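*Asks:* Sharing a structure here in structure tokens format.
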Amino acid sequence: MDVGAATRGRTRGDRMTEVHVAEQFSPFLGGRYRDDGPWSGEQFRDDVLVPQMERALASHSQVVIILDGVAGVPSSFLEEAFGGLLRKRKDWSLDKIEGVLVIQSGDPELLPYVRLAHEHMKRQSQRQ
Amino acid sequence: MPVDEGLSAWNAATLGLPVPSTQVRRFTWPGHGSSKAIFMEAPSDLWLSAAHNEVLGFIYHYRLISYRRQASGLRRRRTMIADLAGVKNLGLDAALMLTAEYHRNCIMWSKERRPFIVDQTWPRPIRDVFRSLGLYNLVDAAAPADLDDAAEPIDLKLVPFVSGEKVEGEIADQLIRQLSDVAGATPARVKVYAGLLEAIKNVRNHAYPADAPPRIDPVLNRWWGAGAYIPSKRQLQFAVYDQGVGIPATLPKKSFWEAILQMTKPERTDADVIEGAIEYGRSQTELEERGNGLWTICDVVRELKGSSVRIVSGRGEVIWSLGRPVSKKNFVNPFCGTLIEWTLVLPPEDERGAIA
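Chains as they are written, first to last, in this note's numbering: chain A, 202 to 329; chain B, 4 to 359.
Below you can see the structure in the form of structure tokens.
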């Protein structure tokens with residue numbers, strides 16, 4: 202898998218960069234931390250999500266994370282990637298992140314995880 | 004390793020368990036000529052659900068004979084061969100446990116000292132099942148000869164076992180894909196993936212603590228997974244097994260242990276504690292970062308009528324299924340690790356389009 206490609210994303214005009222998680226990161230999402238094994242939430246957050254967000258914030262564009270095609274979304278992966286985004290970048294408020302970050306899936310089985318990712322960010326924001 | 008402490012722990016764990024018959028017999032193996040080995044007879048029901056104590060006694064004694072001499076610092080261990088000639092019924096649970104023991108032997112020892120398979124007297128269906136499971140590949144054994152074609156096949160189509168040390172989604176997905184191939188479908192695939200990874204994550208994070216009590220067998224920090232399809236019942240079974248300290252032993256270290264204590268009666272058993280951990284997870288929102296692992300494991304079957312999850316760990320066994328009271332059992336002897344086994348009932352063929 203090419204994490205570099207995910208870091209670069211696929212730009213749609215000037216306003217939006219799509220990250221197809223299954224193709225550009227891995228279809229086999231893993232545990233919470235890098236030490237747990239490959240394709241962890243920590244790896245996704247630090248190698249993909251944060252660089253994409255930084256770029257999007259600088260260019261006033263959006264990052265669209267597309268979950269379609271992943272085998273599943275382990276709960277600890279999701280929390281570390283999205284809840285952990287606010288822990289990693291304490292200078293980013295929830296409003297700031299949600300103004301830039303879009304999470305999508307067209308797969309009904311994956312839709313609950315889209316909602317859950319947003320809720321993890323909200324929960325982390327309330328804790329900070 | 005303090006051998007005496009390990010042996011004392013083994014003795015305490017196996018007190019009162021059936022002792023498998025052993026015999027010293029000659030056998031031949033390509034490249035080794037004729038040698039003597041200890042043949043240890045497997046129970047006729049090599050199926051944990053049907054013969055819990057017999058299977059447990061067999062596995063514990065397999066470990067004793069495999070590792071006692073090594074743990075004592077003696078260079079040459081006795082060759083031990085599992086004799087499955089008398090096996091009439093076989094379950095995924097015990098097949099996975101035995102395969103894990105063979106696999107650990109293979110990791111521990113060089114190729115020359117790997118365990119042997121002497122299967123001339125095994126019933127053909129038993130050989131077929133272990134061939135499907137990948138046991139023969141582990142020890143570089145020749146595929147079993149087709150001796151008794153008339154034997155009734157076992158109603159169990161197994162897929163090759165998988166194993167790992169980390170939380171490896173690709174390996175879990177490999178198991179799911181193999182099950183789909185053999186059964187024609189895997190319902191709730193995304194939830195199955197999440198449940199499998201949760202079980203694997205529990206092994207990685209909790210099964211093999213650094214302060215685990217002494218034991219006679221080596222610790223590999225590993226998990227094993229396997230699956231099977233039972234055509235006559237349209238059941239899909241898959242399991243994750245580890246050789247660790249067990250869930251009831253690890254829960255007291257968790258932040259939510261006090262909550263579990265309050266949910267269970269004072270004279271709580273291991274099965275009560277496992278049930279308490281499931282119910283605690285269920286009572287939490289899905290946002291909670293800790294304490295909902297066992298519930299995530301059970302959640303796989305929440306929307307699948309007739310399906311269930313069985314958790315065997317410590318001295319307890321819990322079977323969870325939607326709409327039924329939790330089934331709990333307690334045993335005198337502690338289990339040799341943790342086994343989590345899902346049984347999913349597939350809908351009839353004409354309704355499968357929606358789930359394939």
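The beta-carbon is built from N, C-alpha and C at its ideal position, and this holds for glycine as well. Since we're looking at a predicted model, the values are computed, not measured.
With DSSP as the reference, label Leu239/B as helix, strand or coil.
*Replies:* Leu239/B falls in the strand class under three-state DSSP.
*Asks:* Could you tell me if Val220/A is buried or exposed, where buried requires 16 or more neighbouring beta carbons within 10 angstroms of its beta carbon?
*Replies:* The residue is buried, with at least 16 neighbouring Cβ atoms inside 10 Å.
*Asks:* Counting C-beta neighbours from all protein chains within 10 Å, is the total for Asp237/A 16 or more, i.e. buried, or is it exposed?
*Replies:* By the 10 Å Cβ count, Asp237/A comes out buried.
*Asks:* Checking 8 Å against the spacing of the C-beta atoms, do Phe241/B and Leu297/B come in under that value?
*Replies:* It is not a contact, given that the beta carbons lie outside the stated cut-off.
*Asks:* What residues from the region 297 to 316 of chain A come within 9 Å of chain B, judged by C-beta to C-beta, listed N to C?
*Replies:* Correct list: Asp308, Glu310, Leu311, Pro313 and Tyr314.
*Asks:* Could you name the residues of chain A that Thr299/B contacts, counting a contact when the two beta carbons are closer than 9 Å?
*Replies:* By Cβ distance, chain A contributes Pro275 and Ser276.
*Asks:* Please report how far the alpha carbon of His304/B lies from the alpha carbon of Gly36/B, in whole angstroms.
*Replies:* The sequence given here has Val at residue 304/B, not His. Whole-angstrom Cα-Cα distance: 51 Å.
*Asks:* Within 10 Å of its beta-carbon, does Ser277/A have 16 or more other beta-carbons around it, so buried, or fewer, so exposed?
*Replies:* Answer is buried; the Cβ neighbour count reaches 16.
*Asks:* List the residues of chain B whose Cβ lies closer than 9 Å to the Cβ of Gly242/A, in chain order.
*Replies:* Within 9 Å Cβ-Cβ: nothing; Gly242/A doesn't reach chain B, min ~10 Å.
*Asks:* Which full runs of the alpha helix (DSSP H) of 4+ residues lie inside the region 53 to 108 of chain B, going along the chain?
*Replies:* Listed in chain order, they are 55 to 74.
*Asks:* Distance cutoff 8 Å, beta carbons only. Does Phe283/A sit that close to anything in chain B?
*Replies:* Phe283/A does not count as touching chain B.
*Asks:* Reducing DSSP to helix, strand and coil, say where Ala45/B ends up.
*Replies:* Note: Ala45/B maps to coil in three-state DSSP.
*Asks:* Please state whether DSSP places Asn333/B in a helix, a strand or coil.
*Replies:* Correct three-state label for Asn333/B: strand.
*Asks:* Is there a Cβ of chain B sitting closer than 8 Å to that of Leu295/A, yes or no?
*Replies:* It does not; no Cβ of chain B falls within 8 Å.
*Asks:* State yes or no: is the beta carbon of Phe226/A nearer than 8 Å to at least one beta carbon in chain B?
*Replies:* Chain B contact via Cβ: absent.
*Asks:* Where does Gln123/B sit, in a helix, a strand or coil, going by DSSP?
*Replies:* Residue state, collapsed to three classes: coil.
*Asks:* Does the beta-carbon distance from Val276/B to Gly319/B come in below 8 Å?
*Replies:* Cβ distance < 8 Å, so Val276/B and Gly319/B count as in contact.
*Asks:* Less than 8 Å between the CB atoms is what I'm expecting for Val301/A and Val264/A, so what's the real figure, rounded?
*Replies:* Yes, Val301/A and Val264/A are in contact; Cβ-Cβ is about 6 Å, under 8 Å.
*Asks:* At what residues does the beta strand (DSSP E) containing Glu448/B begin and finish?
*Replies:* Since the first residue of chain B shown is 4 and the last is 359, residue 448/B is not available in this structure.
*Asks:* Check for me: the beta strand (DSSP E) holding Leu32/B runs from which residue to which?
*Replies:* For the sequence presented, residue 32/B should be read as Trp rather than Leu. Note, Trp32/B: beta strand (DSSP E), Thr25 to Trp32.
*Asks:* Measure the beta-carbon distance from Leu218/B to Ala12/B and round it to whole angstroms, keeping in mind my assumption that it falls under 8 Å.
*Replies:* Residue 218/B is actually Arg in this sequence, not Leu. So it is a contact: roughly 6 Å between Cβ atoms.
*Asks:* Below 8 Å on the Cβ atoms is my guess for Val222/B versus Tyr211/B; work out the distance and round it to an integer in Å.
*Replies:* Sure, about 6 Å apart at Cβ, within 8 Å.
*Asks:* Across which residues does DSSP place His221/A in a beta bridge pair?
*Replies:* Bridge partners of His221/A: Ile267/A.
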